[in-house]
Structure formats: C-alpha cells, structure tokens
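Here is the structure we will look at, set down as structure tokens.
Residue numbers (my numbering): 5 to 881.
Written out as structure tokens, the structure is:
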C-alpha cells in the first residue's frame, strides 16, 4: 500500500501520457483511440481497470446522471461495461460528494474502505479496493470523469500520478472536443453538397418540364379539336344505344385501342356495384381472371378512379369510370396497343373524353326515361280512371252504408245503401250540410261526427233508429281521411243484437244448470260419505265376529265351517276395499285428495306391497321376484298412495295370472329422465290392443258382460292412473294376449322438486305450456329459467293472443292428459302460432301413443316425468 518508490514509474507514466496524447491527436477514430489510451494508462500506472464515464441529464427530473462509455481491464479482472448499475446512475443522493469535488476540478482517491458507506456499496460490488477519479471537462463544462481501479490490493495514488492522469484526462476531453468539431464540419460539408445537388436537379427538372409543357400544348390543341368534333357528334344523338356505339368507335380511334367495351353499373346491394356489359364480349374475357375482364371492370366501378393493368404479352388495359355526379354509372375498358403506363396527357384526354361521354350517355338515358315516364303516365291515368269506375261500382253495391264528408259536414259522396238504412230512399245527399239540414239523423250521430272532426280520431257508436212501430239497430264507424275529410261506414246490426240477447239468456240458463250440477255433486259426495260410514260400521262388526269365530273362542269349528268363515272374511274385506276405492276416486274427481309428500324408499314400499299380498300369491302358487339395486335414489311422493298404487297393480297381476304363473317387480332409476321407474309384470293372459285404453275408465274391465271370467269393479287401474297424475309421474303399459303385461310407473326424484314462479317478466322469450296441472313441470320451469326462458300457462286457445303479447315465443308444450288431445288440435289450427315448434307430454303411454302424437303434427313426444334437458333441446332445434 505504498506509492511508486522510484522515478522510473513516473517516467513510464509520463511516456504513457505522451503516447496517449499522440494517439488521441493523430487517430481518425476517436472512440477507438480513447479505448487504446485507457489501456496504455492502465498498464503504465499498474491498475486493474480504467474507464470513462459521461454525464447526462434525467429527461424527467433534470437531475445529473452518469453512464460508463469506455473501459479497459487487466487480465483476470471481470469487465463492468455491461453492468446495468453503471448506466444512468444518479449522483444524488449517494455520489453527491463526487459531483461537488469533480465539478471543482479536484480528484477523488484513496482506499474504498475509507469511503462513506453509501459510496462503498456500489464500489465494493465491482471488487474495487483502491480508486483514483479525475474529472473530464469539455469547453468548460463538466463532461464526466476517468477512473482507475485497483481490485487486487490497496494502494495510495501519489500526487504525481494524479497530476499525470489528470493531464491525460484533459487530453481525452480535448480529443472529444476535436471529434465533435470534426463531425460538425463534416455534416456542414455534406449538407452544402446536398443543397448544390438539389439546385442542379431543380434546374434540370424545370428545363424538362418546359419542354414537356410545349409538347403537351401542341398535343392538347389536337385533342381539343378532336373533342370538339366528338361533342358535336354526341349532342346530335338521343338514343342511348347509338350513344354507346359512338363512344366505343370514338374511343378506339382516339386512343388507338385494339378493343373497347362499355360496362354499366348494376347495384345489387348498397355500395357493391357489379358490371353489366352493354356490348357483346368474346367468351372468357368477362372472367375476373382475364387481364381486363370482370375484375378490372368491378374495381373501376367500385373506386370511381382509373385502373391500369399490364398484359403479360405486351400492351396495357385501362379502365375509365363514367361518373354521374359522385357515382360511377359505368366504365369504359380500353385495350391499348402501346405498352407501359399512359402519359399524363393521354390520361388528361381520357378524363375529358369520359366526362363528355358520361354527359352524353346520361342525357340520352334521361331522354329515354322521360319518354317512358310520359308513356307510363298515360297508362297510369287510364288505370286510375278504371280504378275510379271500380270504386264507384264497389261503393254503390256495397252491403254497408258509406258516406264521405268534407269541411263542416258537407256530404261529398254516398251510396244507395246509406239512404236505405236511414229510410231516405230517393233523396239527394250530395253537397248537403248535415248540420244545417240533418233530416232524420239523430242528435247523437251529429255529435259523434262533430267530435271526430275536432279530435281527428276514429270513433264508433251504436244507436237505435226508429222504424215503424219498432226500431232497427245500427252501428257507425267514423274515420278521419285527411285534415278536412271523414269517412263514415254504417251497418245494420239488428240481427247481431238479437243474437246477443239470446246468448245472454242462454248463458243465464247454463249458469243455473252449472249451479244445479254443483249442488248435485255436493249431494253425491255427502251421500257417499254417509253411505261409506253406514256400510263400514256393520261391515267392521261382521269382520270382527268372523275373526272371533275363526279363533274358536266360542267353540271348535270343523273344516267346512272354517272355509265358510274364511269366505265371509274375504268377501267382507273385498267389500271394504271397494268402498275405499269408490271414496278415493270420488275425492280425486272432486280435486280434494291431497298428497303428503316426502322422500320415498320405493324398493321398501314394493317389499311391503308384496308382503301384504303374500297369501294371494300362495293360494295360486305364483312365483314372485323383486329386483331393486341398493343405491336407488329416493322418489318424491305420498308413501300411503304409492303403496296403494303398487298394491292395486299387484292385485291386478295376481287376478289375471293363472295357477303356478309368475309375477315380478322391478325398481330401477330411469336412464332417460330424472325419475324412479317401478315395473309390475306378469305372465298372465295379457290384454288386446283394442282393450288397452278402456283399462283406465272407471267401472270398465278389459272383458265386459256378465259372463266375464274375472271379478272386479274396474276401479283399481283408474285409481292408479289418477294417483300417478297427482304425483306428476308417468304410466306406461305394454301387453300382448297370451304373453302377459308390464305396467311401469315413473315417479320424479325428490331432489328435482322445485317451487319456481311460473309467470316470466314482460319481454322475456317464453314457451307456452298448455296444461291443467303444474306440479309435473316445476323442474322444467327451473331449467328454463336458467336458460333465460319463461313459461306461460295456457288453458284455452283463446289465451294465445294475450300470451303472444307478453314477448317472443320459442314453442308450445301440450299436456296430452285430460283433454289435451282437443286442445292440441285447436292450437295446431291457430294461425298466430304458425311454424313454432310444438311438443307433447303425457302421463299414460301406450305402444302407439308416440305414433299418434307425431301424426297429429307434434315435433316431439316426452313421457312424464320430463327430462328438462331433452325438452329444452327440442325447442333449440
């Protein structure tokens, strides 16, 4: 850590400084000379790194910053020229001392460990242990600084080293000043040379333009003479076809074209004119691929400016627009013999020729259009006269009274029917003022006319007009036709009024009959309730006595007595079941059977139903099976009524299955819809297709008559269907004579139940739902709402117009059950529904139900319970 001890080091440093001065003074490339000089000084002073920093201002804050520009490093020392920390580094706040000292033309030297902490962080990150920094000034401005680092050892730079290195830094600054001045002089010389070159080029252009101008003047004189003669020829023509022929002939002669075609613009859509050739064109030349075919014509028409094409075999194709105002009415296509781009003079001539041609063509077209309009006017007047005559005949023979009024009430026109309605046949109404001479017009009619004239709004009024000893009923419609004119239409509605009176009378009679039916139904219900009570009480006592006798509490019974008691008990229980079925059916028909819904284990209910009928199975030796998976989801329903459904179906299966037959129950999740499917099947006698639909009619069996082989009232399956409908489920029947039957009940899943509001907001797209019940469609409403669709309920076809006014309709879904057939047929005939998609759903499904529905005009059929996704997809298609 000692300075150089002998004068040899000082001499070597001075020699290095001299070499640097010579290098910086004589080298043409100053940046390269600076890099070599830093290396010379670094080796002479024995440091590890030398560099040069340049000062510059922050463009935002204006503060002074430093960036490293040049660097030399000794072998084994990492360079720092790419270090981002040494670019755009601010003096403030860490290096404020450096800026102050260097700006005062002093140097900074010493061991880095003795420097302030804020300076040491950046210096030590570069591995610097000792440092000497001398300022560099350019034209009395603090330009930057030169630095000399020792990275391997600590040392102290003496004053001689500082002085020599400061002089070297001043030499670097002088070289930079000289380089800047040299660049400035070179730029001035180059700019002066360019100015001289530009002036010479301007002089040459002026001479060439003057010569070209003289040639253009001579050529323009010839062109003007030709255009003058052409204009005289064009103005003498009035037929557009003759003008078109003259344009083509003159264009070929004037421009020396091999071929010329005229194209008219036909606008098929706004802003997209297409060409129509007015003269015969050889095959293939209108093809857009042809060098001057349809593509050139279309571009010329679309742009409204000349278009140029160069042919592969020589020559030029030129498209010139024929402008009418700002729009291109056509185009002139020229196949020029001369190759290359036409001169400016020829293009100027082309503009003048096309303007003259367009004007002549337009004048001829207008002249032709004017002649056509005159002829059309003559035909229009003839048609108008004929129309007036037809109007006169129509008014005179119209079944309604018609009158036209002007001004304050003057009659302009009327027909004979009007005079007949007001019993004034033979009078003249023309030019008559109805207010000053009202005749037989009633005051209320005059007041209605006066109000219609004042408000200029249509009015209608009905009034009774005296006729002999009675009166006739008339209805008048007043409609404003203009500022001062009214049209009046009067019709005789006497027959309609009489029909309305008869209708009101009939309505009152029907209301009275409806009240009588309501009282009768209430009396029937009360009768059934009293009779069931009166029958159940003695029947229960009889069953209790029979049970006591069967237990031998009053003495021992022989076999014959036991069979008699068993028969008494079976008949009594059958009678009790029959009473219950009649009461349940009565409640269903009256709408008073309420369901107590809860999540159901359908498989458990099926086992209970099989257990309840086990004695019946044993009597006939019927083999019974139950198929139900363990992971079956729960259904939504009333457990009591679902068990009743299963018991009725199983009882029916036992009744129609012969001795030793088979009956089974399958409980599965429906793969096509969110439901649990319960199937009761048997291998019994089966049902013929013609008897299938009669199965579910109360008190009707498949085989009628007193000689039928099977007992029963026919209420069991009717109750099954009604209760499945109440649950919002579906019932499907499959059967064939001699093969047995399959009754499948589908109950909706418990998690699918949702109480969604039905009516959608006004304007929301909707689906019309025609049904008398809502529960089976709650899950569908919820899914439709997620899709952005509403549901509007219909009960009659008369509700369709109101539903359509609520907003756009996507389709119609009709419930086939309970009168749905007739409603669907009415909706199919409704013209307002048009081609909207129509789908049908049904609780009861037979093998031919789907075919019947599709044949009636439906687009899709869905058995209940519904799969919302499938229904939604049918309305998307």
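Idealized CB from N, CA, C, for every residue including glycine.
- In the DSSP assignment, residue 868 falls outside any alpha helix (DSSP H), carrying neither H nor E.
- The distance from the Cβ of residue 301 to that of residue 335 is about 6 Å, consistent with a contact at the 8 Å cut-off.
- Separation of residue 418 and residue 498 (C-alpha to C-alpha, rounded to the nearest whole angstrom) is 22 Å.
- In the DSSP assignment, residue 631 forms a beta bridge with 670.
- Assignment of beta-bridge partners to residue 483 by DSSP yields 491.
- Bounds of the alpha helix (DSSP H) holding residue 853 are 853 to 859.
- The straight-line gap separating the alpha-carbon atoms of residue 682 and residue 630 is approximately 11 Å.
- Remark: C-beta atoms of residue 169 and residue 142 do not approach each other more closely than 8 Å.
- Counting along the chain, the unbroken alpha helix (DSSP H) around residue 804 starts and ends at 804 to 809.
- Within 10 angstroms of the beta-carbon of residue 737 lie 16 or more other beta-carbons, which makes it buried.
- Residue 172 and residue 53 have their C-alpha atoms roughly 16 Å apart.
- Using a 10 angstroms sphere on the CB of residue 663, the tally of other CB atoms stays under 16, which defines it as exposed.
- Judged by DSSP in its simplified three-state form, residue 508 adopts helix.
- Non-local beta-carbon contacts of residue 871 in its own chain, meaning distances under 7 Å to residues more than five positions away in sequence, involve 676, 677, 678 in chain order.
- Just so you know, the alpha carbons of residue 371 and residue 363 end up roughly 12 Å apart.
- Along the stretch 315 to 357, the alpha helix (DSSP H) does not occur as any fully enclosed run of 4 or more residues.
- Take residue 326, set aside five residues on each side of it, and the residues of its chain with a beta-carbon closer than 7 Å to its own are 332, 333, 334, 335, 336, 358, 361, 362, 365, in chain order.
- Annotation for residue 640: the continuous beta strand (DSSP E) segment containing it runs 639 to 641.
- Counting the other Cβ atoms within 10 Å of the Cβ of residue 409 gives 16 or more, which makes it buried.
- Measuring C-alpha to C-alpha distances from residue 742 to each of 691, 722, 769 identifies 691 as the nearest.
- The straight-line gap separating the alpha-carbon atoms of residue 193 and residue 182 is approximately 17 Å.
- Restricting attention to 657, 649, 604, 652, the CA atom closest to the CA of residue 627 is found in 657.
- For a cut-off of 8 Å, the C-beta gap from residue 51 to residue 153 is around 6 Å, short enough to register as a contact.
- When secondary structure is reduced to three states using DSSP, residue 251 falls in the helix class.
- Annotation note: the stretch 117 to 172 contains the following uninterrupted alpha helix (DSSP H) runs of length 4 or greater, listed N- to C-terminal: 121 to 128.
- Restricting attention to 842, 867, 839, 838, the CA atom closest to the CA of residue 852 is found in 867.
- By the criterion of a C-beta distance shorter than 6 Å, residue 95 is surrounded in its chain by 68, 103, once the five residues flanking it on both sides are discounted.
- For residue 827, the enclosing alpha helix (DSSP H) stretches over residues 824 to 832.
- Residue 485 and residue 324 have their C-alpha atoms some 53 Å from each other.
- When C-alpha distances from residue 38 are compared across 744, 144, 178, the shortest belongs to 178.
- Straight-line spacing of the CA atoms in residue 78 and residue 55 works out to 12 Å.
- Inclusion of residue 604 and residue 643 in the CB contact set at 8 Å is warranted, their separation being smaller than that value.
- For residue 48, the enclosing alpha helix (DSSP H) starts and ends at 34 to 49.
- The three-state reading of DSSP puts residue 96 in coil, since its state is none of H, G, I, E or B.
- The Cβ atoms of residue 753 and residue 680 sit closer than 8 Å to each other.
- A residue is called buried once 16 or more other Cβ atoms fall within 10 Å of its Cβ, and residue 456 is buried on that count.
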